[in-house]
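S.K.:
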Amino acid sequence: MLITPPRGTVRFHVSMTFTPGGPKVEGTWEAEESAVNRFRGFIGTHGSDDVTITLWAEADGIRRRLRTWTKDHGDASRRAVGGLRSSPAGVSARGM
Numbered sequence: 002m003l004i005t006p007p008r009g010t011v012r013f014h015v016s017m018t019f020t021p022g023g024p025k026v027e028g029t030w031e032a033e034e035s036a037v038n039r040f041r042g043f044i045g046t047h048g049s050d051d052v053t054i055t056l057w058a059e060a061d062g063i064r065r066r067l068r069t070w071t072k073d074h075g076d077a078s079r080r081a082v083g084g085l086r087s088s089p090a091g092v093s094a095r096g097m
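For the sequence shown, the residue numbers in the working numbering are 2 to 97.
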């Protein structure tokens, strides 16, 4: 059985890709703080070579990339679009 979150619900995803186009792991959190902590934790434990770590926000089935980390470029924050906007910490939240 598929469970669809109610409209307007924001979920946060962290993905870690080991090589470009290669395998990845991903997790989903309801709490933004938990997802940010996992994003930072992955950088500390797996941040090397070809690894790319990305934090996403998803609302109404649309994903917005919030932050991406690579060894060459470090932590790059992005301004979110369409109902999600960046907070001073560089992580987005709805309705701020």
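Every residue gets a Cβ at the ideal spot worked out from N, C-alpha and C, and that includes glycine. Model, not experiment: these values are computed from the prediction.
Can you check DSSP and say which residues form a bridge with G48?
M.R.: Its beta-bridge partners do not exist; DSSP assigns none.
S.K.: Grouping DSSP H, G and I as helix and E and B as strand, with all else coil, what is E31?
M.R.: coil
S.K.: Could you please give the first and the last residue of the uninterrupted beta strand (DSSP E) stretch that includes H14?
M.R.: V11 to T18
S.K.: Closer than 6 Å by C-beta to V15: which residues in its own chain qualify, once you throw out the five before and the five after it? Chain order, please.
M.R.: G28, A36, R39, F40 and L56
S.K.: What are the boundary residues of the beta strand (DSSP E) that includes G75?
M.R.: Note, G75: beta strand (DSSP E), G75 to S78.
S.K.: Kindly indicate which residue of A60, I54, G62 and S49 has the alpha-carbon position closest to the one of R68.
M.R.: I54
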